Amino acid sequence: MSDRACESRRNEERNIEADLTQLPWVQAYLLLIGSVVPRPIAWVSTTGVDGVNNVAPFSFFNAFGAEPVILGFAPMASDDRPQKDTLANIKASGEFVINIATEPTLVQMDTTGKTFPPEVDEFSVAQLTPAPSLVVKPPRIAESPINFECKLFSLVPLGDGQGSATLVLGRAVHLHVADDVLRDGKIDASLLRPVARMGGPFYARPEILPFRRSDRA
Ligand SMILES: Cc1cc2nc3c(=O)[nH]c(=O)nc-3n(C[C@H](O)[C@H](O)[C@H](O)COP(=O)(O)O)c2cc1C
């Protein structure tokens with residue numbers, strides 16, 4: 001066998017061929033979060049039936065429509081936590097706020113990703129300021145420059161048991177954008193400084209490429 005063929009076979013042997021229908025969920029999860037990158041981060045604020053506010057980040061997150069404006073994120077289930085506080089609060093109240101996670105608040109956002117009992121208010125733990133929302137009951141995170149006030153649109157169960165998720169789709173009914181992330185009336189990413197989740201424990205910041213979408217001005 002030529003050196004070249006041998007090299008190619010060795011490379012093939014180093015590939016990952018994963019049967020995702022059979023793989024234990026943690027391994028599938030690790031491959032998933034390493035592959036789908038960078039992921040934007042929904043920093044979700046909710047209020048429990050007991051009136052306790054809750055904040056948590058979710059990187060299984062994106063936007064899905066503009067009329068109506070739909071945002072979605074997905075809390076996962078594990079054996080020790082079949083239902084996260086965020087999901088329980090949304091099921092009970094039908095309301096939440098998606099705050100955009102930014103670099104100046106990276107450490108605080110990361111702190112709110114730790115597990116706290118439902119009676120703990122992560123606004124206090126992470127020294128965040130609750131700002132009143134206009135339409136929904138849960139407060140916005142004042143330190144986040146973009147806040148979408150959302151009403152629950154639908155819940156989509158995605159499997160059951162460990163590793164499963166619930167897709168939470170919210171209709172955004174009101175948007176706040178702080179003037180300090182605006183340039184000429186438009187949201188400027190260099191002022192917004194959003195952060196994203198990568199694989200493993202890593203975060204990223206976006207870099208604008210010199211190439212522009214060719215069908216847009
Ligand atoms: C940057 C970041 C992104 C996260 N993304 C998700 C996610 O998409 N889905 C999920 O279930 N947990 C995610 N987590 C973990 C939750 O934030 C964590 O379980 C949190 O404790 C949930 O809080 P809650 O019980 O108050 O809802 C993420 C954590 C961090 C730090």
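Counting along the sequence shown from 1, when you hit position 213 you're at 213 in this note's numbering, and nothing is skipped either side. All C-beta atoms in this analysis are idealised placements derived from N, C-alpha and C, irrespective of residue type, glycine included. Nothing here was measured: the structure is a model prediction, and the numbers come from that model.
With a contact defined as Cβ atoms closer than 8 Å, residue 102 and residue 138 miss out at about 19 Å.
Between ligand 1 and the CB of residue 59, the shortest heavy atom gap is smaller than 8 Å. Taking a cut-off of 8 Å for Cβ pairs, the segment 145-160 and the segment 90-100 touch, as three or more such pairs fall below it. In this structure the segment 19-39 does not touch the segment 126-138; the number of beta carbon pairs closer than 8 Å is below three.
Contact between the segment 171-186 and the segment 16-29 is not established, with fewer than three Cβ pairs separated by less than 8 Å. With contacts defined as CB atoms closer than 9 Å, residue 25 and residue 112 fail to qualify as a contacting pair.
Taking residue 29 as reference, the option from 170, 212, 189 and 164 with the minimal CA-CA separation is 164.
If you compare the alpha carbons of 213, 216 and 196 with that of residue 62, the shortest gap goes to 196.
For residue 15, the number of other beta carbons within 10 angstroms of its own is below 16, and it is reported as exposed. Taking 8 Å as the cut-off, one finds no heavy atom of ligand 1 near enough to the beta carbon of residue 99. In the structure shown, residue 78 adopts coil according to DSSP, grouped into three states. Beta-bridge partners of residue 45 (DSSP): 55 and 97. Boundaries around residue 73 are those of the beta strand (DSSP E), 69-73, since no alpha helix (DSSP H) includes it.
Take residue 132, set aside five residues on each side of it, and the residues of its chain with a beta-carbon closer than 8 Å to its own are 139 and 140, in chain order. Between residue 94 and residue 152, the C-beta gap is smaller than 9 Å, which places the two residues in contact.
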